[in-house]
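Here's the structure, in structure tokens; my notes come after.
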Amino acid sequence: MKRRVFFALFIALFATFVTALRAQVLFERLLRAADEPQNWLTYSGTAMSQRYSSLSEVTQANVRNLELKWIYQVQSLEKFEATPLVVDGVMYTVAAPNDVIALDAATGRVFWTYSYAPSTLARLCCGRVNRGLAILGHTVFMGTIDGHLIALDAKSGGLVWNVAVGGARPDTGYGFTMAPLVVKDKVIIGSVGGEFGVRGFLVAVDAKTGKEAWRFNTVPGPGEKGHETWAGDSWKNGGGPLWVTGSYDPLLNLTYWGIGNPGPDWNGDKRPGDNLYTESVVALDADTGALKWHFQFSPHDEFDYDSVQVPVLADITFGGRPRKAMLWANRNGYWYVLDRVTGEFLLGKPFVKTNWTSGLDAKGRPQNVKSPTPEGTLIYPGNQGGTNWYSPSFSPRTGLFYIPSWMDTYSTYIKRPVDYVEGQRFTGAGPIMSVRMLQPGPLVNRRLPEEGYGAIQAFDPKTGERRWAFNMSDMTESGVLTTASDLVFAGGRDGYFFALDAKTGTLLWKTSVGGAVSAGPMTYAVGGKQHVAISAGNALLVYGLR
Amino acid sequence: MRATTGAVLGAILTIGVCAAGQQKYLPAEVEAGGRLYTANCTGCHGPEGDGVGGINFSQGKFRRAATDDDLLRIIARGIPGTPMAPSGMSESQIGQIVGYLRSMTSAGDVTSANGDAGRGKSIVEGKGQCLTCHTVGLNGLHAGPPLTDIGAQRRVVDLMRSLTDPGAEVRAENRTVRVVMKDGKTLNGRFLNQDTFTLQMIDATDKLMSLDKSQIRESTLLQTSPMPSFKDKLSAQELADVVTYLASLKGRS
Numbered sequence: 001m002k003r004r005v006f007f008a009l010f011i012a013l014f015a016t017f018v019t020a021l022r023a024q025v026l027f028e029r030l031l032r033a034a035d036e037p038q039n040w041l042t043y044s045g046t047a048m049s050q051r052y053s054s055l056s057e058v059t060q061a062n063v064r065n066l067e068l069k070w071i072y073q074v075q076s077l078e079k080f081e082a083t084p085l086v087v088d089g090v091m092y093t094v095a096a097p098n099d100v101i102a103l104d105a106a107t108g109r110v111f112w113t114y115s116y117a118p119s120t121l122a123r124l125c126c127g128r129v130n131r132g133l134a135i136l137g138h139t140v141f142m143g144t145i146d147g148h149l150i151a152l153d154a155k156s157g158g159l160v161w162n163v164a165v166g167g168a169r170p171d172t173g174y175g176f177t178m179a180p181l182v183v184k185d186k187v188i189i190g191s192v193g194g195e196f197g198v199r200g201f202l203v204a205v206d207a208k209t210g211k212e213a214w215r216f217n218t219v220p221g222p223g224e225k226g227h228e229t230w231a232g233d234s235w236k237n238g239g240g241p242l243w244v245t246g247s248y249d250p251l252l253n254l255t256y257w258g259i260g261n262p263g264p265d266w267n268g269d270k271r272p273g274d275n276l277y278t279e280s281v282v283a284l285d286a287d288t289g290a291l292k293w294h295f296q297f298s299p300h301d302e303f304d305y306d307s308v309q310v311p312v313l314a315d316i317t318f319g320g321r322p323r324k325a326m327l328w329a330n331r332n333g334y335w336y337v338l339d340r341v342t343g344e345f346l347l348g349k350p351f352v353k354t355n356w357t358s359g360l361d362a363k364g365r366p367q368n369v370k371s372p373t374p375e376g377t378l379i380y381p382g383n384q385g386g387t388n389w390y391s392p393s394f395s396p397r398t399g400l401f402y403i404p405s406w407m408d409t410y411s412t413y414i415k416r417p418v419d420y421v422e423g424q425r426f427t428g429a430g431p432i433m434s435v436r437m438l439q440p441g442p443l444v445n446r447r448l449p450e451e452g453y454g455a456i457q458a459f460d461p462k463t464g465e466r467r468w469a470f471n472m473s474d475m476t477e478s479g480v481l482t483t484a485s486d487l488v489f490a491g492g493r494d495g496y497f498f499a500l501d502a503k504t505g506t507l508l509w510k511t512s513v514g515g516a517v518s519a520g521p522m523t524y525a526v527g528g529k530q531h532v533a534i535s536a537g538n539a540l541l542v543y544g545l546r
Numbered sequence: 001m002r003a004t005t006g007a008v009l010g011a012i013l014t015i016g017v018c019a020a021g022q023q024k025y026l027p028a029e030v031e032a033g034g035r036l037y038t039a040n041c042t043g044c045h046g047p048e049g050d051g052v053g054g055i056n057f058s059q060g061k062f063r064r065a066a067t068d069d070d071l072l073r074i075i076a077r078g079i080p081g082t083p084m085a086p087s088g089m090s091e092s093q094i095g096q097i098v099g100y101l102r103s104m105t106s107a108g109d110v111t112s113a114n115g116d117a118g119r120g121k122s123i124v125e126g127k128g129q130c131l132t133c134h135t136v137g138l139n140g141l142h143a144g145p146p147l148t149d150i151g152a153q154r155r156v157v158d159l160m161r162s163l164t165d166p167g168a169e170v171r172a173e174n175r176t177v178r179v180v181m182k183d184g185k186t187l188n189g190r191f192l193n194q195d196t197f198t199l200q201m202i203d204a205t206d207k208l209m210s211l212d213k214s215q216i217r218e219s220t221l222l223q224t225s226p227m228p229s230f231k232d233k234l235s236a237q238e239l240a241d242v243v244t245y246l247a248s249l250k251g252r253s
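Below, the structure written as structure tokens:
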């Protein structure tokens with residue numbers, strides 16, 4: 001009798017223990033995030049960053065029955081760029097700049113909020129924004145615009161730790177706007193500041209303590225490989241910022257990150273050379289931060305063509321054999337297929353109008369590159385690029401790569417002398433854009449086709465061919481989500497959120513969200529029902545079937 | 001004599017410094033700067049740049065700035081203790097505004113039309129028939145841009161040019177759209193807005209319309225202005241009267 005009670009107690013305790021483990025987001029779960037599509041555990045959905053979901057309740061046939069299930073309005077007038085996470089029915093997102101909110105994913109009602117007041121010294125080129133969170137165990141992680149990394153109790157929003165990341169002084173332009181990436185027991189994040197002459201870095205900290213584990217300088221100093229690509233002291237203010245989450249390949253144990261512009265942006269006179277590792281993707285050993293390979297998209301960039309995009313990892317057939325590939329839609333207007341084991345260049349083609357280079361050579365290096373001038377040089381694509389930080393998507397079902405695109409934009413690039421002054425802009429003049437980066441005043445769109453337009457484009461990485469384009473009257477800052485029902489979800493700056501046929505680009509459903517979409521869509525299930533979430537304007541909107 | 005020599009020398013030196021401290025600006029920069037100036041600066045400085053005592057951009061009169069760098073610094077950082085606040089604009093935007101300020105001296109010598117505002121008002125409301133397309137306050141229709149605060153938006157030279165050569169500059173927000181619906185109906189009006197799926201306009205009868213693009217066969221934004229030129233319709237004195245009246249319209253506040 002006694003033994004039976006003991007046994008029952010043991011079973012009960014064990015069950016509790018298993019439930020507790022399940023409730024925790026162990027790294028194993030992050031690695032196999034695709035196996036639990038009801039959740040959305042990382043910024044791009046999985047470590048491969050395909051922003052693809054195997055959820056299939058919403059189909060091409062019933063997508064027209066999507067309706068608004070709930071809406072959450074943030075107490076913030078900053079741009080809402082975050083992709084939420086969903087863990088076992090709880091949604092986590094960030095109201096810019098740095099307030100974390102935990103919501104019931106079924107109803108949108110708030111469990112807790114964590115408010116953070118960033119230092120007033122923080123200076124950002126392009127908005128006091130945040131793109132989301134990372135989670136590991138019972139802890140959610142957020143980078144702040146004033147250079148802190150913060151760990152919160154996922155159940156309560158209580159502060160676990162808050163570290164001022166070394167060398168990330170906000171008054172000199174450093175700060176964090178990306179969602180961090182968790183790899184094993186570490187949290188990885190990189191700093192912004194490319195318009196302020198920072199020297200960029202990527203840092204990995206211990207998830208338990210916030211203590212720095214390794215650091216990769218995106219602009220190598222004396223003695224570091226690649227330093228020879230900088231003249232004199234130019235490396236000290238060489239830029240190389242990051243603001244979009246990288247990817248991770250567990251079999252290779254490599255983590256991949258895209259790096260931004262060299263400083264000063266538009267005047268390369270004082271930094272002759274390729275300026276590594278700006279405008280590059282770097283593949284780093286996830287345990288040590290050691291550089292395994294790099295590929296530079298835009299050597300010695302003078303057009304602010306930041307290579308800060310999500311590295312999309314895909315296992316595809318290329319040239320008749322299976323390849324561990326990386327797909328990359330670059331701000332410079334070219335999209336690329338790279339071998340992610342070696343960094344070998346496999347393919348590179350323009351996806352928008354370009355004239356800054358005559359084309360790429362066999363190794364992917366741009367040829368006959370133009371330069372800004374004191375009189376102005378007209379360059380396609382414009383300064384915001386062919387795309388930007390907006391998440392692309394890869395569907396393993398269609399085999400297509402989907403790119404949010406700014407079509408036919410151009411800028412007149414002007415070069416002027418500039419000297420570095422700590423904390424001040426260090427850009428060397430700039431572009432006059434055909435398309436304004438931010439819409440001033442009320443959101444009224446008077447965009448004309450000849451001034452550029454937005455599109456979602458689908459490309460076949462096997463052939464390099466464009467399959468289709470869905471055009472919008474205004475630009476788009478939306479990410480793209482693909483699902484196993486061959487749906488593409490995306491939006492645009494003109495305030496629509498829509499679903500397309502992933503194979504043809506045909507419009508299947510649209511809804512007016514009443515504000516610009518400047519975030520990536522994601523999908524999850526709660527109570528067995530598929531939901532699709534998008535941040536737009538100053539609200540988070542969640543849709544489900546009627 | 002010595003004093004005069006000193007003053008002349010000083011003037012020459014000042015001019016020299018100005019010339020040395022001024023860059024050349026591209027037409028595109030000046031144009032972009034003009035848009036920024038209208039949106040951000042006219043509230044205090046006015047369209048002619050003479051809204052603040054002791055300063056007149058049209059005459060190149062500055063209180064604290066000699067060089068372009070001075071102007072850049074002031075626009076970027078503001079002037080502590082004065083209503084001139086830091087602009088929060090980018091370096092290149094500020095550069096464009098400086099380019100526009102420099103352009104004002106060459107274009108804006110005429111800061112007054114020397115007409116009679118009262119007579120101008122009568123023409124606008126009477127024989128000019130301006131209010132059949134424009135509004136002043138609550139009077140008039142909306143197919144053309146509102147004139148209620150046009151004097152706070154545009155310079156005298158701009159107003160005169162718009163009256164005599166309306167097609168010379170049609171701002172993006174003032175364009176006319178011609179729409180042919182799939183049922184054959186044709187609509188004309190001032191283009192208000194558009195997005196991927198819809199188009200908004202206001203027609204000559206003051207009707208606000210939002211059209212579903214799937215019902216539109218074709219739509220064309222006209223490059224020309226529907227406004228007639230008043231060059232031969234009004235005398236030089238009448239034109240001066242109208243411009244004087246328009247320049248006096250600074251909004252309802």
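Quick note, the sequences are listed as chains A and B, same order. Reminder that position 206 of the first sequence reads as 206 in this note's numbering, one-by-one numbering, no gaps. Reminder that position 51 of the second sequence reads as 51 in this note's numbering, one-by-one numbering, no gaps. Backbone N, C-alpha and C fix where the C-beta goes; we use that ideal spot for every residue, glycine too.
Buried versus exposed call for residue i [16 or more other C-beta atoms within 10 Å across all chains shown]
i, result
"Asn-39 of chain A", "buried"
"Pro-322 of chain A", "exposed"
"Ile-94 of chain B", "buried"
"Ala-122 of chain A", "buried"
"Ser-395 of chain A", "buried"
"Gly-441 of chain A", "Its pLDDT being 44, under 50, Gly-441 of chain A is placed unreliably in this model, and the coordinates cannot settle the point."
"Thr-82 of chain B", "exposed"
"Thr-196 of chain B", "buried"
"Thr-278 of chain A", "buried"
"Ile-150 of chain A", "buried"
"Met-472 of chain A", "buried"
"Asp-232 of chain B", "exposed"
Residue i, DSSP secondary structure in three states
i, result
"Ile-12 of chain B", "For Ile-12 of chain B, the predicted model reports a pLDDT of 36, less than 50, meaning its position is unreliable; a value from the coordinates is still stated below. It is helical."
"Val-198 of chain A", "coil"
"Asp-153 of chain A", "strand"
"Leu-448 of chain A", "coil"
"Asp-474 of chain A", "coil"
"Ala-172 of chain B", "helix"
"Val-532 of chain A", "strand"
"Tyr-543 of chain A", "strand"
"Ile-94 of chain B", "helix"
"Phe-27 of chain A", "helix"
Integer-rounded CB distance, given that residue j should sit under 8 Å from residue i
i, j, result
"Val-63 of chain A", "Trp-509 of chain A", "5 Å"
"Ala-106 of chain A", "Val-74 of chain A", "Not a contact, Cβ separation roughly 19 Å."
"Arg-217 of chain B", "Lys-250 of chain B", "About 43 Å; that fails the 8 Å criterion."
8 Å Cβ cutoff met for residue i and residue j
i, j, result
"Cys-130 of chain B", "Leu-141 of chain B", "no"
"Arg-493 of chain A", "Thr-511 of chain A", "no"
"Asp-203 of chain B", "Gly-115 of chain B", "no"
"Asp-460 of chain A", "Gly-399 of chain A", "yes"
"Gln-60 of chain A", "Leu-487 of chain A", "yes"
"Gly-240 of chain A", "Gly-260 of chain A", "yes"
"Val-177 of chain B", "Ser-219 of chain B", "yes"
"Ile-189 of chain A", "Val-203 of chain A", "yes"
Chain-ordered neighbours of residue i on chain B, where CB pairs are closer than 8 Å
i, result
"Ser-473 of chain A", "Gln-194, Asp-195, Thr-196"
CB contact check: residue i to chain D, cutoff 8 Å
i, result
"Asn-445 of chain A", "Although the question refers to chain D, the structure presented lacks it and instead comprises the protein chains A and B."
Neighbour list for residue i in chain A, Cβ cutoff strictly below 8 Å
i, result
"Ser-92 of chain B", "Ile-414, Thr-427, Ala-429, Gly-430, Pro-431, Ile-432"
Proximal chain B residues relative to residue i, where beta-carbon distance stays under 9 Å
i, result
"Asp-146 of chain A", "Here the premise fails: no neighbours, minimum Cβ distance about 18 Å."
"Asp-614 of chain A", "Lying before the first or after the last residue shown, residue 614 of chain A is absent from chain A, which here runs from 1 to 546."
Amino acids of chain A, ordered along the chain, whose beta-carbon sits closer than 9 Å to that of residue i
i, result
"Ala-65 of chain B", "Near Ala-65 of chain B there are no residues of chain A at all, since even the closest Cβ is about 18 Å away, more than 9 Å."
"Leu-26 of chain B", "Glu-375, Gly-376, Thr-412, Ile-414, Ile-432"
"Glu-173 of chain B", "Val-444, Arg-446"
Chain A residues whose Cβ lies nearer than 7 Å to that of residue i
i, result
"Glu-29 of chain B", "Ile-432"
"Asp-95 of chain B", "One detail in the question is off: residue 95 of chain B reads as Gly in this sequence, not Asp. Neighbours of Gly-95 of chain B on chain A, chain order: Ala-429."
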